[in-house]
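The sequence shown lines up with residues -22 to -1, 1 to 98 when you count with mature numbering (1 follows the signal peptide of the UniProt record, and there is no 0).
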Amino acid sequence: MIRRVLSHSAAFLLLVAGIVSACTVVVEQPRPAPAPVACTLQHDPVCGQRGDRQRTFTNACLARAEGFRVIAQGQCRPIHQCTREIARVCASRAGRLRTFTNSCLARVEGYVIVHSGPCR
């Protein structure tokens, strides 16, 4: 009986040792700094975005050198702060009607207010 318990214990310990030895520890190394980039002084403004931050750069090279993605030619448009007021409006852009929660949100997206209330 004792021999059987020892045999099962030894088998269990071998199984645990096998599982533990198969585990791999991954240590993430910090990203290396990007290589320096030489950009021209050409004036060709672009709007760059990194995360939720937008910034205007003199040119696309400078935007990319600072880790931004170019999202538009020219300066960044100001980000409008609209209230959460619920005053639905129907608005139009390029012949397409869309209902917005309020007129500020419609204007920010380039729509023109057609009438108060939802589109029908």
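The beta carbon of each residue, even a glycine, is placed where N, CA and C say it ideally should be. Please read all numbers here as calculations on a predicted model, not as lab measurements.
1) Among all the DSSP beta bridges, which residues are the ones paired with Arg28?
2) Go through its chain and collect everything with a Cβ distance to Ile91's Cβ below 7 angstroms, but skip five positions before and after it.
3) Among residues of its own chain, excluding the 5 on either side of Val48, which ones have a beta-carbon nearer than 6 angstroms to its beta-carbon?
4) Quick one, which of Gly88, Arg76, Gln7, Ala16 has its alpha-carbon nearest His58's?
5) Per DSSP, what are the beta-bridge partners of Arg76 in this structure?
6) Please state whether DSSP places Ala50 in a helix, a strand or coil.
7) Please state the DSSP three-state secondary structure of Val86.
8) For Ala50 versus Cys17, is the C-beta spacing smaller than 7 angstroms?
9) Quick one: residues in its chain with C-beta nearer than 8 angstroms to the C-beta of Val15, no 5 flanking neighbours on either side, listed in chain order?
10) Pick out whichever of Arg28, Gly45, Thr34, Pro10 has its Cα sitting closest to the Cα of His21.
11) Since I believe Cys54 is in contact with Thr77 (beta carbons under 8 angstroms), could you give me their beta-carbon distance rounded to a whole number of angstroms?
In terms of the structure at hand:
1) Walking along the sequence shown from the start, residue 28 turns up at place 50. Answer is Arg31.
2) For the purposes of this step, residue 91 is taken as residue 113 along the sequence shown, with counting starting at 1. Excluding positions up to five away in sequence, the list reads Val67, Ala69, Ser81, Ala84.
3) Translated into positions along the sequence shown, residue 48 becomes position 70. Val24, Gly26, Ala38, Ala41, listed in sequence order.
4) For the purposes of this step, residue 58 is taken as residue 80 along the sequence shown, with counting starting at 1. Looking at the Cα atoms, Gly88 is the closest of the given residues.
5) Position 98 of the sequence shown holds residue 76. Arg76 is bridged to Ala69.
6) Here residue 50 is taken as the residue at index 72 of the sequence shown, counted from 1. Three-state DSSP puts Ala50 in a strand.
7) As a working mapping, residue 86 is identified with position 108 in the sequence shown. Note: Val86 maps to helix in three-state DSSP.
8) Start at 1 with the first residue of the sequence shown, and residue 50 comes out as number 72. Start at 1 with the first residue of the sequence shown, and residue 17 comes out as number 39. No Cβ-Cβ contact shorter than 7 angstroms links Ala50 with Cys17.
9) Position 37 of the sequence shown, counted from the first residue, corresponds to residue 15. Closer than 8 angstroms at Cβ, skipping near neighbours: Cys39, Arg42, Ala43.
10) The count along the sequence shown starts at 1 and reaches residue 21 at position 43. Ranking the options by Cα distance to His21, first place goes to Thr34.
11) For the purposes of this step, residue 77 is taken as residue 99 along the sequence shown, with counting starting at 1. For the purposes of this step, residue 54 is taken as residue 76 along the sequence shown, with counting starting at 1. Going by Cβ atoms, the distance from Thr77 to Cys54 rounds to 27 angstroms, so no, they are not a contact pair.
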